[in-house]
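What follows is a single structure, written as structure tokens, with notes after it.
Protein chains in written order, with the working numbering: chain A, 363 to 1156; chain B, 311 to 468; chain C, 26 to 277.
This is the structure:
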């Protein structure tokens, strides 16, 4: 597709930028309502304990304290929160319900006139705990003797299934080689700088609960209403709140239910802004915590025949959407490779750790890390170059659309071209020479390579895949475009954003179709009572879905304008030339109606409207994700996300032998996400994703002691990379448009994060290879590296 | 009732007088009392830098200072860095030009740190820019376009 | 500490304004800095860069700009985080702390001040008023500060500092060496003393570094085992001795 776009694909400053640069964003903590009260939380110090007694007497005596809410009251008044898998007896409430199941779980909520007073009062709440047996080891969770996190559920097994797609046993039997290994992705997450916050206000006169939240969560209004036992039309979520980063994590249902309940009970607006400890210990902040056991069967020429993947994920003490993060990778289970059969066994277990929520990529990054480790191991086994092993297995550009064994079709791609571009940009041959020279000088030096996929489009078919009782197949988004009497265009979107420049996205797409300057197009957000259906910015879906919806609505407006003009000129619509918002008769340019004239007819001149055309100038477009709409087959085959973007990472690392400290010195990412609607925005998210990946690979870990205490609960110990840890990053673009989307765009919100950990692990292991040592565990801290290399001579 | 202390703090060029409890931090004063919500709170432990403001023209972490400590001093927040007519400064505009911001949460602190750098060093190297913003954590941008913004601003101000 | 509600003082006194605690006095034999001198000020003071270069080198590792704009020399020493850079520098330089109360002033060697992580030998009614450093007047001296931290600006997993002086023939005439590897920063006085009179050849330095590794008793934590810290103490001791020696050799 070589259509020249006018606005799509061009450099354009975002609409959002000016307010953020000026410090005029509107984040939830910036919103204050009169008489607003503040919440602080009392959390459990134990990994598991029964709550015998809550004494609020002293707390209530603290000046300014308004209310002390225990789980006993709350859990009787609200419904348990939704679990993504079929485990109705794994119940979850915003506050512990009789038993606190992890250290940091919220036990009591204290409400006061100020946050400081709430914290003062929280200190005075007296809770009688009876410690109970606990387990924080994922592998021990399935032992018969393991303490049960939810005794009613009967085991610590939350989900398990064995998928077999294709002739796995035969392929393993026939292949010349096989190898197996374990890879560990320790618990980390994308931890935004803004914690989660929610403000709720109950309007008793209208019987509406108004909610402002720092939110990125599909069906947030619906789930909040349900839990509060309110009709959906009684909850109005305001999506025009700026969200200070989310990258998957800000699910916030429990916070909203807690605060909504308090607002309704107290008759005052109530606001909870997590402090960093509440956030890290008990918020929606934890991500995948996985052990992969991998087996791979391959030939002497490195052709991979089959894969066996066992993925054990330590979900923590409760289940929201987290177990589903084992399901999304099904849609790209073979990565970008031509692998004919796969056995996949996802296992989600409960332990007494903080409950996981969703993280950027929804499980794809850990899976890519395991896959890429397999590729590197094959190369090492055969003594073959790691790039060459990938070349031989990458799906070729003439093989698209490509159906993978688990039932998903990859839409388009030219993986070899992107890989070549990345290698060229990194100066691969010269990089090898640099590495070898460094090694000759006694240094540990390595080059890392990862080629992997970013599924995009958010067909969240892992929901029915992992829970047959949940027959959801609708994954939609929408946009309304209106042109007012003055001729100004407004696009209305129906969800909140956390830095993805969606306003700019909508304006660009609408402007492209209407041929009007995006800078002149206003974009606003509806609240949930007025909104059209949206499934939120998850799964790298908004460029595709919101972009498509915005373009769809704009197209209908354009068609209406053309119809109005055709009616004036008494001709067929095909005879109208539409240019820059003006319409003229083909071949007779003097017969022309300007934008303003068309607008005026639409709004005021009913007598000139074609029959059947509505007055005014507004159109909505609601659409389903392309290729979606089906339930999984009995073998668990399913078309997951419609589009697949591709990334090829090259990274050069040197490791200080004495301290084990790695230093990333060159980083190139080849990236193909089809047509980029706003290249700077896409690049920005890719750079950010790489930085997240650097954190996961080298620095970040939610580490637990043997007694179930979270050891990294502040930024002193949970180490987020700064501008000194993230090197200069270079992206080289390629464009293989998607045949499924409006402009050929693929989604790209998770870019960089999905391949960086794999690439960095590859680099570190390449550096350690001359010592015969490998690390297949993230994060690879200096201490870990030093432990593995100490005393090993070359 | 908590004891209150009278303070007079110059914020963005204007003297603000207030009676404040001793334990109110400077960032909470700026946000909740002065209603300058551009300065953000990310950790309250002095690590993330989102709360950075200029204190007597030097960048500091306002979550680690009590508001009364600013009595008689000059504080400049991101809102005070715009031009006198309210238009964005060269630095703020450069952030928009290079897309050095996404969610906007770390941005005010970044701009404060970058502003201080450029006041002292007209032509910083890339390494100097990175060192100057090393105390400001960002999770959206990977820092690349932020560094580009600061270098662009430096070149534009020459 | 206060933000996390771990410290709850009943009274808080802001000493930022006390003029007695400011001031930098550079004399022939000593350099005295007020406890409330800002780290930023030390970084930018030309006379200190000349007479007390180890402080400036230590400060390169201290936090970030925002930290150093408010942090003070005295504050860091009294806070006594085991992995902080300035307490280590004070130990290595054998500084004397001037502790003042209403009755007068007491002198306390920095090397005896830190008792345990964040526990110092100061009485409740005393305030650290100034820190006095002995001046090194040898023409050929050099110093170095190095550390291993996880990220730029983090507290050190292990830090090391050294200052050496040579005579005209290159023989060591004065030596000071210290490491911070928890529980408290240590000045390795005996090991440093054994370097005096030697040519500071690589083998001698390697031996001294090995002695340091044996002398430290580090703790383990989330970021590293005791063994790792012990190993790093030796590695960094060697690095700073080599760097200090090479700097001194470069001087005439």
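Every residue, glycine too, gets a C-beta built ideally from N, C-alpha and C.
All values reported here derive from a predicted model rather than from experimental measurement.
Counting only Cβ pairs nearer than 9 Å, list the residues of chain A close to residue 249 of chain C. Near residue 249 of chain C (Cβ distances below 9 Å), the residues of chain A are 1143, 1144, 1145 and 1148.
- If you scan the region 750 to 813 of chain A from start to end, which runs of the alpha helix (DSSP H) of 4 or more residues do you find wholly inside it? If we require 4 residues or more, the alpha helix (DSSP H) runs fully inside the region 750 to 813 of chain A come out as 777 to 788 and 790 to 802.
| request: Put residue 184 of chain C into one of helix, strand or coil per three-state DSSP. | output: For residue 184 of chain C, the secondary structure class from DSSP, reduced to helix, strand or coil, is strand.
Practice prompt. Could you tell me whether the Cβ of residue 376 of chain B comes closer than 7 Å to any Cβ of chain A?
Written response: For residue 376 of chain B, not one C-beta of chain A is nearer than 7 Å to its own C-beta.
### Task
Give the interface partners of residue 444 of chain B over in chain A, defined as CB-CB distance under 8 Å, in chain order.
Near residue 444 of chain B (Cβ distances below 8 Å), the residues of chain A are 1084, 1085 and 1086.
* May I ask you to report which of helix, strand or coil DSSP gives residue 626 of chain A? => DSSP places residue 626 of chain A in helix when its eight states are reduced to three.
Worksheet item: Under the DSSP definition of a beta bridge, which residues are partnered with residue 604 of chain A?
Response: Looking at the DSSP output, residue 604 of chain A bridges to A:389.
Query raised in the report: Would residue 1060 of chain A pass as a contact of residue 984 of chain A if the rule is Cβ separation under 7 Å?
Result: With a cutoff of 7 Å on beta-carbon distance, residue 1060 of chain A and residue 984 of chain A are scored as not near each other.
Checking contacts by CB at 7 Å: is residue 651 of chain A closer than that to chain C? Residue-level contact by beta carbon fails for residue 651 of chain A and chain C, as no gap is shorter than 7 Å.
By alpha-carbon positions, which one of B:329, B:428 and B:383 ends up nearest to residue 404 of chain B?
For the residues B:329, B:428 and B:383, the minimum Cα distance to residue 404 of chain B belongs to B:428.
- Item | Under 8 Å by beta carbon: chain A residues contacting residue 260 of chain C | In chain order: 1020 and 1021.
Exercise. Considering residue 327 of chain A, what are the terminal residues of the beta strand (DSSP E) in which it resides?
Worked result: Beyond the ends of chain A as shown, which are 363 and 1156, falls residue 327 of chain A; an answer cannot be given.
- Query: Using a C-beta cutoff of 7 Å, does residue 383 of chain B count as contacting chain C?
  - Reply: Closer than 7 Å: no.
- Task: Measuring only between beta-carbons, confirm whether residue 81 of chain C sits less than 7 Å from chain B.
- Result: Chain B, which has no Cβ nearer than 7 Å to the Cβ of residue 81 of chain C, makes this no.
Open item on the list: Taking beta-carbon pairs under 8 Å, can you tell me which members of the region 541 to 575 of chain A lie near chain B?
Closed with: Cβ contacts with chain B come from 552, 553, 554, 555, 556 and 557.
Quick check: what's the CA-CA separation for residue 266 of chain C versus residue 899 of chain A? Residue 266 of chain C and residue 899 of chain A have their alpha carbons spaced roughly 55 Å apart.
*If we ignore side chains and look at the alpha-carbon of each, how far apart do residue 1098 of chain A and residue 375 of chain A end up?*
Cα-Cα distance, rounded: 24 Å.
With a threshold of 8 Å, are at least 3 pairs of Cβ atoms found where one atom belongs to the region 48 to 63 of chain C and the other to the region 129 to 140 of chain C? Proximity of the region 48 to 63 of chain C to the region 129 to 140 of chain C falls short of the contact definition, fewer than three beta-carbon pairs being nearer than 8 Å.
Inset, instruction - Select from A:1143, A:1151, A:818 and A:742 the residue whose C-alpha is nearest the C-alpha of residue 722 of chain A. - result: Taking each of A:1143, A:1151, A:818 and A:742 in turn and checking the Cα distance to residue 722 of chain A, the smallest one comes out for A:818.
Determine the chain E residues that contact residue 274 of chain C at a beta-carbon separation under 7 Å, and present them in chain order.
Looking for chain E here will not work: the only protein chains present are A, B and C.
Beta carbon proximity, residue 760 of chain A to chain C, threshold 7 Å: Nearest CB-CB separation between residue 760 of chain A and chain C: not below the 7 Å threshold.
Original post:
The beta strand (DSSP E) spanning residue 838 of chain A covers which residue range?
Top reply: Counting along the chain, the beta strand (DSSP E) containing residue 838 of chain A begins and ends at 838 to 845.
query: Near residue 341 of chain B, what residues of its chain come up, given a Cβ to Cβ distance below 7 Å and the 5 sequence neighbours on each side ignored?
result: Residues of the same chain with a CB within less than 7 Å of the CB of residue 341 of chain B, apart from the 5 flanking positions on each side, are 347 and 349 in chain order.
message = Less than 6 Å between C-beta atoms, sequence neighbours within five positions excluded: which residues of the same chain meet that for residue 377 of chain B?
response = 330, 334, 336 and 339.
- request: Could you tell me which chain B residues have their CB closer than 7 Å to the CB of residue 605 of chain A, listed as they occur along the chain?
  value: Within chain B, the residues near residue 605 of chain A are 413.
Q | Beta-carbon gap between residue 864 of chain A and residue 904 of chain A smaller than 7 Å | A | At a Cβ-Cβ threshold of 7 Å, residue 864 of chain A and residue 904 of chain A count as neighbours.
Exercise. Please confirm whether residue 405 of chain A and residue 644 of chain A have their CB atoms less than 7 Å apart.
Key: In this structure, residue 644 of chain A lies closer than 7 Å to residue 405 of chain A by Cβ.
Which stretch, first to last residue, makes up the beta strand (DSSP E) that contains residue 565 of chain A? First-last of the beta strand (DSSP E) with residue 565 of chain A: 559 to 565.
Alpha carbon to alpha carbon, what distance is there between residue 867 of chain A and residue 979 of chain A? The straight-line gap from Cα to Cα measures roughly 21 Å.
Sort A:954, A:1022 and A:694 by Cα distance to residue 767 of chain A and report the nearest one. Between residue 767 of chain A and the set A:954, A:1022 and A:694, the nearest pair of CA atoms involves A:694.
Problem - Residue nearest to residue 384 of chain B in terms of C-alpha spacing, selected from B:371, B:390 and B:365 - result: Taking only the C-alpha atoms, the option nearest residue 384 of chain B is B:365.
Item to check | Three-state class that DSSP yields for residue 109 of chain C in the structure shown | outcome: In the structure shown, residue 109 of chain C sits in coil (DSSP, three-state: anything other than H, G, I, E or B).
Practice task
Decide yes or no for the touch test of the region 997 to 1006 of chain A against the region 1039 to 1058 of chain A: beta carbon pairs closer than 8 Å, at least 3 of them.
Solution key: When C-beta atoms of the region 997 to 1006 of chain A are compared with those of the region 1039 to 1058 of chain A, fewer than three pairs fall below 8 Å, so the two segments do not count as touching.
- prompt: So is residue 1110 of chain A buried or exposed if we call it buried at 16+ other beta carbons inside 10 Å?
  reply: Residue 1110 of chain A counts as buried, since no fewer than 16 other beta carbons sit within 10 angstroms of its beta carbon.
Would you mind reading off the limits of the alpha helix (DSSP H) that contains residue 253 of chain C? Membership of residue 253 of chain C in the alpha helix (DSSP H) is indicated by the continuous run 251 to 274.
(Q) Let me make sure I understand the geometry here. Which of A:586, A:775, A:1034 and A:739 has the alpha-carbon closest to that of residue 443 of chain A? (A) Closest option to residue 443 of chain A, Cα to Cα, is A:586.
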